[in-house]
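Remarks on the structure that follows.
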Amino acid sequence: MLRIEGLNVSYDSERILNGIDLEVKAGETLAIIGESGAGKTTLGLSIMGLLNGNARGRIAFDGVDLLSLSKDEMRELRWNRIAMVFQNDEDVLNPVHTVLGQVLEPMVEHRLKNKEEAEQRASQLLSEAGLSSDKFYAYPYQLSGGEQQRALVAMAWANEPELIILDEPLSSLDAVSRLEMMELLKRMGRGRTILVVTHDITAAANLATSIATMYGGRIVERGATPAVLYNPRHPYTRALLRSYPGMATGKDLQGIKGRMTRGVSGCPFHPRCTQAIEICRREVPLLVKYRERLIACHRGGIIPALSVKGMSKSFGSVKAVDNVSLVIDGGGTLALVGQSGSGKTTLAKAITGIIKADAGDVYLEGEKVSRRGKDFYRRVQMIFQKPGEALSHRLSVLEAVKEPLDIQGIETEAKRINRVKKVLEEVELSTSADFLEEYPHHLSGGELQRVTIARALVLDPQVLIADEPTSFLDSSVQAKILKLLLNLQEQRGLSMLFITHDIAVARKISDRMAVMLGGKIIEEGQSSGILASPAHPYTQSLLKAAQGNSQLG
Amino acid sequence: MINKRNMATYGIALVFILALNFLLPRMMPGDPLMAIYGEDALIQMTPELKAHLVERFALDEPIWSQLGAYFWGLLRGDLGHSYYYNAPVSEVILGRLPWTCLLVGSSLVLSTVLGVVLGIESGWRRGRKLDKSLLTGLMALGGFPDFFLGIVLLLVFGVTLGLLPLAGALTPYAELSGLALSLDILKHLLLPLASLTLCHIGGSYLLTRNTMITVMQEPYILTARAKGLSDSQIRYHHAGRNSMLPVFTRTGMWLGRLVTGALFVEMVFAYPGLGYLTYEALLARDYPVLQGVLLMVAVFVLVANLLVDLTYPKLDPRASYAH
Ligand code: SF4
Chain A
5 MLRIEGLNVS
15 YDSERILNGI
25 DLEVKAGETL
35 AIIGESGAGK
45 TTLGLSIMGL
55 LNGNARGRIA
65 FDGVDLLSLS
75 KDEMRELRWN
85 RIAMVFQNDE
95 DVLNPVHTVL
105 GQVLEPMVEH
115 RLKNKEEAEQ
125 RASQLLSEAG
135 LSSDKFYAYP
145 YQLSGGEQQR
155 ALVAMAWANE
165 PELIILDEPL
175 SSLDAVSRLE
185 MMELLKRMGR
195 GRTILVVTHD
205 ITAAANLATS
215 IATMYGGRIV
225 ERGATPAVLY
235 NPRHPYTRAL
245 LRSYPGMATG
255 KDLQGIKGRM
265 TRGVSGCPFH
275 PRCTQAIEIC
285 RREVPLLVKY
295 RERLIACHRG
305 GIIPALSVKG
315 MSKSFGSVKA
325 VDNVSLVIDG
335 GGTLALVGQS
345 GSGKTTLAKA
355 ITGIIKADAG
365 DVYLEGEKVS
375 RRGKDFYRRV
385 QMIFQKPGEA
395 LSHRLSVLEA
405 VKEPLDIQGI
415 ETEAKRINRV
425 KKVLEEVELS
435 TSADFLEEYP
445 HHLSGGELQR
455 VTIARALVLD
465 PQVLIADEPT
475 SFLDSSVQAK
485 ILKLLLNLQE
495 QRGLSMLFIT
505 HDIAVARKIS
515 DRMAVMLGGK
525 IIEEGQSSGI
535 LASPAHPYTQ
545 SLLKAAQGNS
555 QLG
Chain B
671 MINKRNMATY
681 GIALVFILAL
691 NFLLPRMMPG
701 DPLMAIYGED
711 ALIQMTPELK
721 AHLVERFALD
731 EPIWSQLGAY
741 FWGLLRGDLG
751 HSYYYNAPVS
761 EVILGRLPWT
771 CLLVGSSLVL
781 STVLGVVLGI
791 ESGWRRGRKL
801 DKSLLTGLMA
811 LGGFPDFFLG
821 IVLLLVFGVT
831 LGLLPLAGAL
841 TPYAELSGLA
851 LSLDILKHLL
861 LPLASLTLCH
871 IGGSYLLTRN
881 TMITVMQEPY
891 ILTARAKGLS
901 DSQIRYHHAG
911 RNSMLPVFTR
921 TGMWLGRLVT
931 GALFVEMVFA
941 YPGLGYLTYE
951 ALLARDYPVL
961 QGVLLMVAVF
971 VLVANLLVDL
981 TYPKLDPRAS
991 YAH
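From first to last, the protein sequence lines stand for chains A and B. Residue 411 in the numbering used here sits at position 407 of the first sequence, with consecutive numbering throughout. Residue 972 in the numbering used here sits at position 302 of the second sequence, with consecutive numbering throughout.
Dropping the structure here:
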């Protein structure tokens with residue numbers, strides 16, 4: 005139906021769209037999501053042939069390249085075959101003409117109908133769009149945002165176009181009208197091909213059959229709606245979803261480090277990507293097939309930072325860890341949830357090599373770890389339940405945080421101290437001389453845990469394994485520590501295995517969740533999915549217990 | 671729609687103007703009769719006439735009675751007596767009014783319509799050749815005072831080419847009627863009309879063009895283009911319709927200056943309108959006529975504003991909503 009190939013669009017030498025390849029099949033609803041400024045609206049306008057800028061490439065509609073059409077041919081096509089519902093900003097409708105007049109206009113002007121027939125059809129469309137009949141002859145300013153949006157929809161449907169482009173169709177609406185509008189668009193959109201351009205993930209989730217993520221004028225991921233939303237594989241898609249407030253997950257919002265800049269070389273996302281490598285700076289990743297979806301990333305999307313395969317550990321006849329496999333996404337958090345005695349801590353210790361596993365392997369960024377030397381600990385660090393145990397009471401704050409650097413023999417003493425100060429700032433602790441000289445027993449629980457986090461992060465590890473890091477803290481301190489970990493993740497792209505017995509805490513911090521019972525992983529998946537519909541009875545009971553608690557509190 | 675408060679404003683303005691017209695001559699130093707009629711007229715007056723006038727204006731009575739007499743006179747349409755024309759002022763003015771209405775009215779319509787159409791076409795083609803030449807041409811024309819254009823036209827078409835009459839609104843003593851009369855009127859009208867129109871076209875043109883350029887950036891123009899409408903439909907039905915709004919207001923304001931708007935042009939062509947009358951009255955120091963004209967002007971301005979207020983919401987539906 006619509007096939008865009010290598011579309012480049014620039015306004016005054018500024019590139020807005022870069023090599024867009026996109027296909028929309030007849031009857032499909034495709035949502036293009038992304039931050040404002042990503043070029044979504046420009047894409048819509050270039051299909052309509054309404055750009056002031058310069059477009060190169062191919063936009064094939066039903067086999068005809070729209071970019072090659074003459075002005076008149078394009079005009080003939082507009083609204084008859086491709087129509088658009090513009091974002092309802094001010095004055096999208098002409099303020100001096102009635103709503104009905106504007107809906108019937110394209111029918112009359114394209115000579116599809118005479119005035120009376122057009123008027124009839126326009127009224128019919130307007131009522132179908134849910135505008136009450138006393139508003140037909142109203143002027144746009146007399147209507148509410150929702151009513152204007154309805155008029156815009158009726159107008160777009162007027163000439164029975166095959167393809168309809170919706171630009172932020174829900175943006176000017178309040179919550180209730182949004183719902184109604186979503187229903188309306190679903191109903192009226194049946195049988196038509198629709199391209200929704202939006203930053204509104206809920207709209208995309210509800211309307212679209214597939215989703216394409218756009219960043220910096222490029223498509224970076226494309227796949228079926230549930231796949232993209234529940235298991236985003238491009239770092240940007242995941243970041244975008246993380247920063248979007250949805251009801252499905254209870255996770256705290258996380259931003260994306262930095263801000264969007266135009267005209268970057270290589271992967272447009274690389275200045276903000278926490279897993280960027282050298283090639284990302286130089287070369288533009290192509291949009292290629294990757295398991296049922298398309299991804300533009302040199303690393304094939306989010307990398308597995310650490311994975312565990314078939315790990316087992318028994319103590320005598322007790323199987324503490326029983327053939328466990330896990331993947332921790334780069335820059336993501338996997339929460340390992342289970343009651344005490346389920347084997348969580350044993351698993352963590354086996355991963356970090358504190359105890360020796362009976363079987364199973366650990367892979368760091370896909371490479372098997374055969375020996376856990378200095379190198380391993382530079383990349384994988386752990387924080388524990390009781391901060392006091394991790395810190396020797398004979399070491400001052402400075403010494404405790406600096407120790408890993410000393411062990412690794414990194415840089416000069418002065419530089420080490422600088423690094424310590426920097427990391428203390430990152431975990432929001434004081435860097436005053438007094439504080440650096442403090443001993444652990446003078447610190448509060450929250451400060452102690454921050455010091456252990458600083459100690460773990462001072463080596464700049466990729467993976468942080470946190471074993472119940474907040475269970476000994478009171479809830480206000482716990483909230484702060486969780487927020488701190490999320491911030492660190494956002495800034496550094498830290499990958500985390502977060503071990504907790506409390507599914508409510510897991511919900512706040514994790515992207516994915518694994519539930520452990522009796523040494524086995526009994527359920528694993530996207531946190532929002534598990535929280536919405538837990539499959540295993542044990543998970544259900546955990547959730548119920550947590551809900552009971554929250555009702556108490 | 672226009673509300674009560676607006677109406678009250680108009681009422682207050684009217685009373686204020688009338689009061690001013692009443693007070694000014696009476697506040698001048700010396701004999702109010704002299705202020706009302708001028709020195710020359712006074713010298714020619716017989717004592718009886720003077721006494722009659724004093725009584726008529728109630729000049730020997732307290733100011734309130736004077737005011738009462740003044741309003742009473744106005745209500746009867748009595749604007750005083752012109753000694754120069756030896757006729758009631760109202761009669762003198764009414765005799766000239768049709769000519770001014772014809773001249774100024776048609777030039778107003780013509781310059782506005784032409785200005786709007788050219789402005790729309792020009793703004794649509796912003797920066798292209800037609801736009802540039804129109805812009806320079808009309809700006810240059812608008813830079814000349816109307817009487818200068820009048821003199822040039824008069825010299826070219828009247829004097830040199832001898833195509834059109836030099837002065838007046840009618841061929842005197844020709845006793846024409848019907849079609850011949852209309853043609854005669856038209857011939858006399860042509861040159862003053864042309865000078866006025868050419869001089870004023872620039873204003874509405876420029877205003878329309880500039881509004882058009884802003885309007886072309888409005889989202890609803892993009893909507894109109896997306897709908898695949900023809901250029902002319904977009905240009906007039908969508909952009910033009912919105913670009914006309916400020917011009918409409920401006921033209922309405924001009925309507926108020928109808929009476930004096932053509933003063934110089936009427937002088938150049940000796941066209942017997944109100945402007946010319948004003949000029950004559952000034953030369954003759956015919957104070958009652960001047961005062962009458964002044965009052966007319968003031969009332970016209972008020973009425974014109976009222977008309978604009980009343981009709982604007984029909985053109986721009988937002989207007990009745992915004993206030
Ligand atoms: S890993 Fe490289 S290519 Fe992939 S998103 Fe990050 S910067 Fe872009």
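Every residue, glycine too, gets a C-beta built ideally from N, C-alpha and C. Just so we're clear, the structure is a prediction, and the values are computed from it rather than from any experiment.
- Scanning B:G775, B:A839 and B:V938 for the CA closest to the CA of B:L824 turns up B:V938.
- Shown here, B:E888 sits in coil according to DSSP, grouped into three states, outside any helix or strand.
- The Cβ of A:V96 sits closer than 8 Å to at least one Cβ of chain B.
- The beta carbons of A:A361 and A:K317 sit about 5 Å from each other, so the pair counts as a contact at 8 Å.
- Chain order gives no chain B residues near A:Y15, where near means a beta carbon separation below 7 Å; the closest approach is about 15 Å.
- One residue after another in chain order, those with a Cβ under 6 Å from a heavy atom of the ligand SF4 are A:P239, A:C271, A:F273, A:H274, A:C277, A:Q279, A:A280, A:C284, A:P289, A:C301, A:H302 and A:R303.
- For A:D326, the enclosing beta strand (DSSP E) begins and ends at V322 to D333.
- Considering only A:G150, A:G193, A:T202 and A:E27, the residue with the shortest C-alpha distance to A:R182 is A:G150.
- Note on A:I469: 16 or more other CB atoms within 10 angstroms of its CB, so buried under the neighbour-count rule.
- Between B:A896 and B:H908, the C-beta spacing is not below 8 Å.
- Counted as a single uninterrupted DSSP element, the alpha helix (DSSP H) harbouring A:E430 occupies residues E417 to E430.
- Judged by DSSP in its simplified three-state form, A:E371 adopts strand.
- With a threshold of 8 Å between beta carbons, B:S900 makes contact with chain A.
- By the CB criterion at 8 Å, A:Q152 and A:N92 fall inside the cutoff.
- Considered as a whole, the stretch 180-265 of chain A harbours 197-202, 214-219 and 222-228 as its complete beta strand (DSSP E) runs of no fewer than 3 residues, in chain order.
- Collapsing the DSSP output to three states places A:E166 in coil.
- For the pair of segments examined, the stretch 94-109 of chain A was found to touch the stretch 138-150 of chain A: the number of CB pairs separated by less than 8 Å reaches three.
- When rounded, the separation of the alpha-carbon atoms in B:P732 and B:T948 is 32 Å.
- Between the alpha carbons of A:P99 and A:K75 lies a gap of roughly 27 Å.
- Every unbroken stretch of the alpha helix (DSSP H) spanning 4 or more residues and falling wholly within the stretch 341-412 of chain A is given here in chain order: 348-356, 378-383, 391-394 and 401-412.
- Residue-level contact check: B:Y890 touches chain A, since one or more beta carbons of chain A fall below 8 Å from its beta carbon.
- In the three-state reduction of the DSSP assignment, A:G10 falls in the strand class.
- Cβ-Cβ separation between A:L330 and A:S311: approximately 7 Å, consistent with a contact (criterion under 8 Å).
- Within the stretch 53-78 of chain A, L54 place their CB atoms closer than 7 Å to a CB of chain B, listed in sequence order.
- Taking a cut-off of 8 Å for Cβ pairs, the stretch 400-420 of chain A and the stretch 470-482 of chain A do not touch, as fewer than three such pairs fall below it.
- Under a criterion of Cβ atoms nearer than 9 Å, the residues of chain B adjacent to A:W83 are, in order, A896, K897, G898 and L899.
- Apart from sequence neighbours up to five positions away, the residues of its chain that approach A:R376 with a beta-carbon distance below 6 Å are G357, ordered along the chain.
- Taking 8 Å as the threshold, the shortest C-beta distance from B:P983 to chain A does not fall below it.
- By the Cβ neighbour-count rule, B:W734 is exposed, with fewer than 16 other Cβ atoms within 10 Å of its own.
- Boundaries of the beta strand (DSSP E) around A:R60: N58 to F65.
- Rounded to whole angstroms, the Cβ separation of B:S874 and B:V774 is 15 Å, and the two are not in contact under 8 Å.
- Within a 10 Å sphere around the beta-carbon of A:I260 sit 16 or more other beta-carbons, which makes this residue buried.
- When secondary structure is reduced to three states using DSSP, B:G922 falls in the helix class.
- One Cα belongs to A:L55, the other to A:S148, and the distance between them is close to 29 Å.
- Contact between A:A300 and A:I37 is ruled out by a C-beta separation of about 15 Å, above the 8 Å threshold.
- Looking at the DSSP output, A:Y15 bridges to A:E18.
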